[in-house]
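For reference, each letter of the sequence shown is one residue, going 1 to 218 in full-length UniProt numbering.
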Amino acid sequence: MKDVDRLDARIGRALGRIRLAFRAALTALDTKPGVQLMQADGLSGEKLQASELFQHFGFTSAPPEGTQCIVLPLGGRTAHSVIVATEAGAYRVDGLKSGEVAVYNQSGARIVLKEDRIIEIDCDELKITAKKSIRMEAREIEATASERMGLYAPEWEMGGEENGGSEALWRGNVHFTGTSIADVDHVSGEVSLRHHVHRENDGGGPTEEPEGGGEKAG
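Right under this line is the structure:
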């Protein structure tokens, strides 16, 4: 055997002892450590114990059992493997167009960043918590509830702009359980509470407008 052949054989044996990246299926996950630890079964029967699952900064997920993984043996040794990619095709959002992005989970909740700057959120319950403030600005805002809508706050304001003035429009009945106070007037239909008149019982002529005065109800 020539020296070159012997050298090639040695290189081949050395490379054969280096494990290349391979596929595995997740069997268990520990989410408590700073870097999650996975147990997985390799397609060639390897048993991975406490392999680190590396994810990008600012994003974390807990892949479900059966998730397919790409395993990278550091230094070519299976015992020193890390997980660099995961895919659970059964739950992935399909039908995305080129350039669209989706965040989803095993239960089917999803946020989809669609083309034309459209964002769709699909879930059973949406909870937003902000310690200081929430601000929404749009040309048009519409909210529809099939059963009930509640707004609760120690103090809240509503207003609108129409022809340079402020106006709020309610469609439907309004039920107050407290006192309704107006600084200027109450108008029902076309009848002004402050300026209305009616026929006197004795003289038959119209009464004067109601007198003001007294303290506001409170």
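Beta carbons are placed, not taken as given, at the ideal position from N, Cα and C, and that holds for glycine.
Where residue i sits in the DSSP three-state scheme
i	result
Lys216	With a pLDDT of 49 at Lys216, under the threshold of 50, the modelled position of this residue cannot be trusted; read the value that follows with caution. Coil at Lys216, not helix or strand.
Glu115	helix
Gly75	helix
Under 7 Å between C-beta atoms of residue i and residue j
i	j	result
Thr67	Leu96	no
Leu43	Arg19	no
His80	Leu72	no
Gln39	Ala28	yes
Ile111	Ile121	yes
Ala145	Cys123	no
Glu46	Thr78	yes
Nonlocal neighbours in the same chain, by C-beta distance under 8 Å from residue i, ignoring five residues either side
i	result
Phe54	Val35, Val82, Ile83, Val84
Leu48	Ala24, Met38, Gln39, Ala40, Asp41, Gly42, Val71, Thr78, Ser81
Spatial distance of residue i from residue j (CA atoms)
i	j	result
Gly213	Met136	In this prediction, Gly213 scores a pLDDT of 48, lower than 50, which makes its location untrustworthy; the coordinate-derived value is nonetheless stated afterwards. Their Cα atoms are separated by approximately 41 Å.
Lys216	Val184	Only weak support is given to the placement of Lys216: the predicted model assigns it a pLDDT of 49, under 50, and the value that follows is read from those uncertain coordinates. Each residue's Cα considered, the two are about 12 Å apart.
Arg139	Ile118	15 Å
Glu65	Lys131	36 Å
Ile134	His175	28 Å
Glu142	Thr31	39 Å
His195	His186	10 Å
Ser98	Met149	37 Å
Asp94	Ser107	15 Å
Ala90	Leu151	39 Å
Ser61	Arg92	13 Å
Asn173	Val103	41 Å
Gly58	Leu126	21 Å
Glu147	Trp170	18 Å
Other residues of its chain near residue i: CB distance less than 6 Å, five sequence neighbours each side excluded
i	result
residue 223	For residue 223 there is no data in the structure shown, the boundaries of the chain being 1 and 218.
Ala50	Leu37
Gly155	Note that residue 155 is Glu in the sequence shown, not Gly. Result list for Glu155: empty, nothing under 6 Å.
Contacting residues, own chain, Cβ-Cβ under 7 Å from residue i (five flanking each side not counted)
i	result
Pro63	Leu26, Leu29, Thr86, Ala88
Lys2	none
Lys114	Glu100, Glu120
His56	none
Opening and closing residue of the beta strand (DSSP E) in which residue i lies
i	result
Ser133	Counting along the chain, Ser133 falls outside any beta strand (DSSP E), and DSSP gives it neither H nor E.
Asp41	37-42
Lys47	47-53
Tyr104	101-104
Arg92	Segment: none, Arg92 is in no beta strand (DSSP E) and carries neither H nor E.
Phe22	22-30
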